[in-house]
Amino acid sequence: MEIIFVLNRYALQPRNLIMMQPFKSALAIFSLLCIVACQTSTGNPPTTKKNAAKIMARKKEKTGYDGTLQPDSSVFKKHVQSLKKFAAANGYSTQYAMVIDLGLHSGAKRFFMVRLSDGKALHAGLVTHGSSPSVLQPGERAYSNVEGSLCSSLGRYKIGISYQGTFGLAYKMHGLDTSNNHAFARAVVLHSHECVPDIETEDAICQSWGCPTISPAFLQTISSYIDKSSRPVLMEIYDSNK
Numbered sequence: 047m048e049i050i051f052v053l054n055r056y057a058l059q060p061r062n063l064i065m066m067q068p069f070k071s072a073l074a075i076f077s078l079l080c081i082v083a084c085q086t087s088t089g090n091p092p093t094t095k096k097n098a099a100k101i102m103a104r105k106k107e108k109t110g111y112d113g114t115l116q117p118d119s120s121v122f123k124k125h126v127q128s129l130k131k132f133a134a135a136n137g138y139s140t141q142y143a144m145v146i147d148l149g150l151h152s153g154a155k156r157f158f159m160v161r162l163s164d165g166k167a168l169h170a171g172l173v174t175h176g177s178s179p180s181v182l183q184p185g186e187r188a189y190s191n192v193e194g195s196l197c198s199s200l201g202r203y204k205i206g207i208s209y210q211g212t213f214g215l216a217y218k219m220h221g222l223d224t225s226n227n228h229a230f231a232r233a234v235v236l237h238s239h240e241c242v243p244d245i246e247t248e249d250a251i252c253q254s255w256g257c258p259t260i261s262p263a264f265l266q267t268i269s270s271y272i273d274k275s276s277r278p279v280l281m282e283i284y285d286s287n288k
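For any residue, its number in our numbering is found by taking its place in the sequence shown, counting from 1, and adding 46.
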């Protein structure tokens, strides 16, 4: 304490203020070096866009998930435009439709409620992939239209009537293509389950027995569009990697 007092008294004398400036500059440089050293030793370098991009790239390489939605891709736009024309030509709702890209990682939001007039994705959520007689490993894909396969079926669907099923609110689904025309007989329906999270995750989510299963909260969001529509709403399931 005595040494500190002497130094402070010395520094406060007007004729010594200028002499203290080099000392203050050296102290500032020393403090800066300490901060940098601490950041290096703890493995936490300053966050930059470049560092963040590298971290996300490593996550994508490991999991196939990069934390982004892809509703603006050329594949997405192509399917939305095709669905819009099909809806207009066959008496379905030309206001809204649902588009699912099962080619994306299951931990990413890949179920889109779309406004057909401009192709804008109004809402997005997570959705399960069907499994198979044996549960698929993360990244694996299997599709089938055969009863008992437990697989997802690609193609266009008409959303039918709602009912209260095993997991609560659900909607019948009618396959409109040769790739999914057994959906109704297979009891493939749109429903929710608590195993589906509301937020994106790097991990693969639960699998279904062929049904596009979403979270309870997300089903409540999109059910208002289905229930208020004067015409049947379409859904298309596709794989952007095919």
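Ideal Cβ positions, reconstructed from N, Cα and C, are used throughout, including at glycine.
query, result
"Would you say the stretch 241-252 touches the stretch 139-150, given that touching needs at least three Cβ pairs under 8 Å?", "no"
"Mind checking which residues open and close the beta strand (DSSP E) that includes C158?", "Note on residue identity: the sequence assigns Phe, not Cys, to residue 158. F157 to R161 is the span of the beta strand (DSSP E), which, as asked, contains F158."
"If we count Cβ pairs, one from each stretch, closer than 8 Å, do we get three or more for the stretch 189-197 versus the stretch 265-278?", "no"
"In its own chain, which residues sit with a C-beta less than 6 Å from the C-beta of H239, not counting the 5 before and 5 after it?", "F213 and T259"
"Going by the beta-carbon positions, is the gap between L215 and L265 smaller than 8 Å?", "yes"
"Can F158 and M144 be called in contact, C-beta distance under 8 Å?", "yes"
"Select from M281, V121 and K288 the residue whose C-alpha is nearest the C-alpha of R202.", "M281"
"Verify whether the separation of the beta carbon atoms of S261 and L172 is less than 8 Å.", "yes"
"Quick one: what's got a C-beta closer than 8 Å to H169's C-beta in the same chain, skipping five residues either side?", "F158, M159, F264, T267 and I268"
"Skipping 5 residues on each side, what residues in its chain have a beta carbon closer than 8 Å to that of H228?", "N191, V192, E193, S199 and G221"
"With burial defined as no fewer than 16 other Cβ atoms inside 10 Å of the residue's Cβ, what is the status of G137: buried or exposed?", "exposed"
"Measure the alpha-carbon distance for Q127 versus Q141 and round it to whole angstroms.", "12 Å"
"Between R187 and S178, what straight-line distance do the alpha-carbon atoms span, to the nearest angstrom?", "9 Å"
"Which of the three DSSP states is assigned to H169 in this structure?", "strand"
"Count the other C-beta atoms from every protein chain shown that fall within 10 angstroms of the C-beta of Q85, then say buried if there are 16 or more, exposed otherwise.", "Because the pLDDT of Q85 is 41, which lies under 50, any placement of that residue in the model is unreliable, and the number read from its coordinates should be weighed accordingly. Exposed, because fewer than 16 other Cβ atoms sit within 10 Å of the Cβ of Q85."
"Closer than 6 Å by C-beta to R277: which residues in its own chain qualify, once you throw out the five before and the five after it? Chain order, please.", "Y138 and S139"
"Where C252 and S275 are concerned, what is the direct C-alpha to C-alpha distance, given to the nearest angstrom?", "30 Å"
"When burial is assigned at 16 or more other CB atoms within 10 Å of the CB, is C241 buried or exposed?", "exposed"
"Could you check which residue in G206, N226, G211 and H175 has the C-alpha nearest to that of K218?", "G206"
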